[in-house]
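Here the structure comes first, spelled out in structure tokens, and everything after it is commentary.
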Amino acid sequence: MRALNRLFARLLNFAARRRDDERLREEIESHIAIQTEENIRTGMTPEEARRHARLKFGAIETVRENYHAEKGLPFLENLLLDIRYALRVLRKSPAFTVVALVTLMLGIGANVVVFGVLNAVILHPLNVAEPNNLYQIFHKEWMGGGPSYPAFEDYRQRNTTFTGMAAIYGLSSVGLQWNNAVREVSGYDVTGNYFDLLGVEPEVGRFFHASDEHGPGSAPYVVLSDALWRREFHADPSMIGKTVNLSTNPFTIIGVAPREFHGTEQFFWPDYFVPMANEEQVEGWDFLHTRLYTPVSVIGRLKPGVTVQQATENLNAIARELAREYPATDKDQSARLIRPGLEGDNEKIIREFLVSVMVLALLVLAAACANLASLFAARAADRSRELSLRVALGSSRQRLLRQLLTEALMVSLIGGAAGVMCAGLLLNVLSRWQPFGSGSAQLVITVDAHVYLVGLLLSLASGIIFGIIPARHAWQSSPLQMMKTGPVNSTHLRRFAVRDLLLGAQIAICTLLVTASLVAVRGMVHALHAPLGIEPKGAMLAQVNLGMVGINGDDALAKQKQMIDAAENIPGVQAAGIVNFAPLSGSGMSGIPVYRPGTVDQSLSNQVLATRVYPVSPDYLKAAGTRLLTGRNLTWHDDAHSPRVAIVNATFARKMFGQASAIGQRFLLWNDLYEVVGVAEDGKYVDLTESPTSAVYTSTAQIRQSSTVLVVRSSLSSREIAAALQRMLSETVPTAPITIRTWEDALSNVLFPARTATAALGVLGLLAAMLAVTGIFGMAAYSVSRRMKELGIRVALGARKTQVMRAAVGRPMVLLGAGSVLGLLAGIFASRLLGQIVYQANPRDPIVVGGAVLTMALLGIVASAIPARRALTVDPSKLLREE
Amino acid sequence: MKQKKDVPQGTLALMVLKTLDVLGPLHGYGIARRIEQISGDLLSLNQGTLYPVLLRLEQEGAIASDWGPSENNRRARFYRLTPAGHKLLAAEKRDWEQTAAIIARFFEVNAQDLP
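Residue numbers (our numbering), protein chains in the order written: chain A, 1 to 883; chain B, 1001 to 1115.
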């Protein structure tokens, strides 16, 4: 209480700037007067009495200091003084201040952006109750990482370590029909316990529960996402209880999920949630009873006190049981627990990528700090006279240190604030940016307190780092030495060495970053030139899902033929064909087992290979630009009444038939015997980094598909052909949702990782290049300006230009060389790091090494050109007269 | 000549409080004189050091002050104990006595007294 009273009084005094010493002065006066009178009474002369009174009182100045210290808050007062002084000093040299601020703004801004993404993607917990004991159960042997639905049920019932498990099946491009309009939506089929397991509450209405499911088709309920509810139904609460059609089957809307809830995947925002019991009504068929197909993702919540280790052992014991019970399908499986959120196994890649970029961003900041430290050190050297004067006048060294640190911290905090602000804006833009086109895939980045805290900490840390170096310098300065010799003295060269080291380190870091960004660009170029097996340039994709509007089977085939004919009749169109899902679009039939003819026991262990299957129309290969290597193309005569035929890709032919010619050979697919009539070139089907994959093209007249992608190759501009296709399709299939894009646009999701990596590393490399330029420029300019007089004398004494140049910019150049070599070596040793970031990265690539060397040399020349010119044009007579 | 002792930190405040308790309102000089007298000139006191202590006590609410005329009609600032100051003095006194008693007991104990 007392202490509080006192603090309050002091704060009040501090705030009111009550610095009046009037009261103390008067008290002291009266005190000394009384003492003097007393002394006179004891028989002293007035002067003597007064002197004794003063002596007895003690040093008035010290008393006043102590009194003042008691009165206000000296620490805060000094801080304010320091800040005001620092601001004045910084205003006095605007160029220096602006350079420092911009450097920091970029350095800290880059870090905050990277951290913001890292925070949102990896550190930010999912919007579910108790995310800490929620895991995804991942089986690496199965495509998609999940088990078959019956296996999921086995795991769920037999395990002793989970309080609950839920299965999720993502289904995109579903037709949602309401009021005679069909929208394309993407969402989840989930087991009934899904919402209860995650512990979320509905925003409106109710969720479905495990008790709602009574076998297949028993729960025709749909829960809408908040976004879909707002977008399509104008947030109308009366929609609860209404019936909408999903894939032409009726579903009752029972509730709306909370706004921030989007399941357990960071990048995916589902539009709807439907009970898995009704999977058949949505997709047209279901996987609830087959162990051959492994489509679901499984999440589970650990029982309290159960470790990940125990749960994994428990699951693997079940996997061994299942392998004994179902040797045909469930052999050799293993389970592993991973954190949900980043599309299964991609988590490791994404995490490593982000952490690597974070490291590089921190290196940029380190380079910026080295740059600023040398700038501040140079300034401290210029101000050494002022500093030593202050020491001589009795200022304590701590006080000076604090003053210099305050200056550095002011710069770092202002620069950091600007950096965080820019980063916040950029993150907002990123958050609204939809890298995979419009749709449900997006990353929402919220700038939360963590991000601001990191920005503040980075600013403070960098301020202290680059403030300590010049402060150390002031600490060691001897006032006597300084006053005697002035700024240029014998310690000059030694002091220079610290800054040399800083610049060398800075250049090494910058070279490393420039190398990294060159590697990324090379990787991107590689990725763009990887043989895709298709020719996206000049091709247009029109996605029409006929199933959404209830056109299936033979009707769908007739419509498709009609669409192809209409497209071929558009002037300028060279070829048009259809496929169910385009390669590299993220969808399509995959992992389909292929057997030799006559195989009776069709278990997975007897399969020769697993392949992708593309039902296509005759002209698809021509429209897609996929070359037919041997054999014939498909025709419309390869229909339901003729023997089944297929074109296989080169990998399929090699794996299945070895060296023998594939044409005329047969294989079993879905219990049908197919004859190979042609071999097509290999391609990429899922992503650019995949190893050669088998693929089969079958006739769409033999495997009918309602999902349709019309591929049109034409010489028209993309806008013309898009408009023509839109017109044609809205006549042919008036109600179906249609998406028309160039194939190149459609590939953006495949190129996304490479593009992101290139953009991130490119920006960091650019920042590094800028820092290198400012660093070298600063150093060269400073050394030239400090040695102007010396250079003038040299020129006057007849020094040649090369000699002047060497004196002026020799040292920065040597540092540039040494730093670059170090940075390049570091870049080569960091190839593992870079390899994680970019596809086909190889820092030993001669083009990369050469590029980095050339870049650094160019940067060096650009940065030292101006100071060197100044050194060369020095006019000795003028210079010597000035002093 | 006797060796004079410096005033230990913290005890000066206690002395000030006790002085005001005994003598009632007093100005700075009066307090200083009184402390010197009581201590029998054993303490060397730079009288000026009193003033920061007075300010501190006042900020803590233990004493209050007002301008008033001194004995010889000079303007002087008079300090008096507040109720909070009385309480503080009582508490400090107890603390001090306790500490003194403990220390005293330590000095009384001899080796043979120990069990």
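Glycine included, each C-beta is placed from N, C-alpha and C at the ideal position.
The structure displayed is predicted, hence computed values, not measured ones.
query: Between B:Val1053 and B:Ala1091, is the Cβ-Cβ spacing less than 8 Å?; result: no
query: Hey, how far is the Cα of A:Leu405 from the Cα of A:Ala367?; result: 19 Å
query: Indicate whether the contact test is met: 3 or more Cβ pairs, each with one atom in the segment 676-695 of chain A and one in the segment 526-545 of chain A, closer than 8 Å.; result: yes
query: Taking 6 Å as the limit between beta carbons, can you name the residues of its chain near A:Val308, skipping five residues before and five after?; result: Leu337
query: At least one CB of chain B closer than 8 Å to the CB of A:Tyr67: is that the case?; result: yes
query: What does DSSP give as the partner residue(s) for A:Tyr595 in the beta ladder?; result: A:Leu668
query: Considering only DSSP beta bridges, list what A:Arg336 is partnered with.; result: A:Phe138
query: Which one or two residues does DSSP pair with B:Phe1078 in a beta bridge?; result: B:His1027, B:Asp1066
query: Which bits of chain A does B:Gln1037 rub up against, with CB to CB less than 7 Å?; result: The contacting residues do not exist; B:Gln1037 stays about 13 Å from chain A at best.
query: Just to confirm the assignment: which complete beta strand (DSSP E) runs, minimum length 3, are found wholly within the segment 193-247 of chain A?; result: 221-224, 243-246
query: If you measure beta-carbon to beta-carbon, which residues of the segment 1070-1100 of chain B are closer than 9 Å to chain A?; result: Ser1070, Glu1071, Asn1072, Arg1074, Arg1075, Ala1076, Arg1077, Ala1084, Leu1088
query: For B:Leu1020, would you say it is in contact with chain A, using Cβ-to-Cβ distances shorter than 8 Å as the test?; result: no
query: Leaving out the 5 sequence neighbours to the left and right, which residues in its chain are closer than 6 Å to A:His450 when beta-carbon positions are compared?; result: Asn119
query: What residue does the alpha helix (DSSP H) around A:Arg741 start on, and which one ends it?; result: A:Arg741 -> not in any alpha helix (DSSP H); beta strand (DSSP E) instead, spanning 738-742.
query: Sorted by chain position, which residues of the same chain lie with C-beta nearer than 8 Å to A:Ser864's C-beta, five sequence neighbours on each side aside?; result: Ile776, Phe777, Ala780, Val809, Pro812, Met813
query: Just to confirm, are A:Gly300 and A:Gly164 a CB contact at a threshold of 8 Å?; result: yes
query: For chain A, find out if any of its Cβ atoms is closer than 8 Å to the Cβ of B:Glu1060; answer yes or no.; result: yes
query: Run through chain B and tell me which residues come within less than 8 Å of A:Glu37, C-beta to C-beta.; result: Asn1072
query: Answer with yes or no whether the minimum CB distance from B:Thr1049 to chain A is below 8 Å.; result: yes
query: Could you give the first and the last residue of the continuous alpha helix (DSSP H) run that contains A:Ser617?; result: That residue, A:Ser617, is in no alpha helix (DSSP H); it is neither H nor E in DSSP.
query: Within this structure, are the beta carbons of A:Lys537 and A:Gly577 separated by less than 8 Å?; result: no
query: In chain A, which residues lie with their C-beta within 8 Å of the C-beta of B:Pro1052?; result: Val63, Asn66, Tyr67, Ala69, Glu70
query: Can A:Arg6 and B:Gln1098 be called in contact, C-beta distance under 8 Å?; result: no
query: Between the Cα of A:Asn111 and those of A:Leu854, A:Lys56, A:Val63, A:Leu767, spot the shortest distance and give me the residue it belongs to.; result: A:Leu767
query: What does the Cβ neighbour count give for A:Met143, buried or exposed, with the cut at 16 atoms within 10 Å?; result: Note that A:Met143 scores 46 on pLDDT, short of 50, meaning its location in the model is unreliable; the coordinates nonetheless yield the value given after this. A:Met143 should be labelled exposed.
query: With DSSP run on the structure shown, which of helix, strand or coil describes A:Glu184?; result: strand
query: Tell me whether A:Ser707 sits in a helix, a strand or coil according to DSSP, three-state version.; result: strand
query: To the nearest whole angstrom, what separates the beta carbons of A:Pro876 and A:Ala796, a pair I think is in contact under 8 Å?; result: 4 Å
query: Within 8 Å (strictly less), CB to CB, does B:Asn1046 reach chain A?; result: yes
query: Using a cut-off of 9 Å between C-beta atoms, extract the partners of B:Gly1024 located in chain A.; result: Ordered by position in chain A, no residue passes the 9 Å Cβ test against B:Gly1024, which lies about 18 Å from the chain.
query: In the structure shown, what three-state DSSP assignment does A:Ser717 receive?; result: coil
query: Quick check: is the beta carbon of B:Gly1028 nearer than 8 Å to any beta carbon in chain A?; result: yes
query: From A:Thr708, A:Thr742, A:Ala736, pick the residue whose C-alpha is nearest to that of A:Arg719; which is it?; result: A:Thr742
query: With 16 as the cutoff for other CB atoms within 10 Å, does A:Asp619 come out buried or exposed?; result: buried
query: Taking the straight line between their C-alpha atoms, what separation do you get for A:Asp500 and A:Cys369?; result: 14 Å
query: Closest Cβ-Cβ distance between A:Leu11 and chain B: below 8 Å?; result: no
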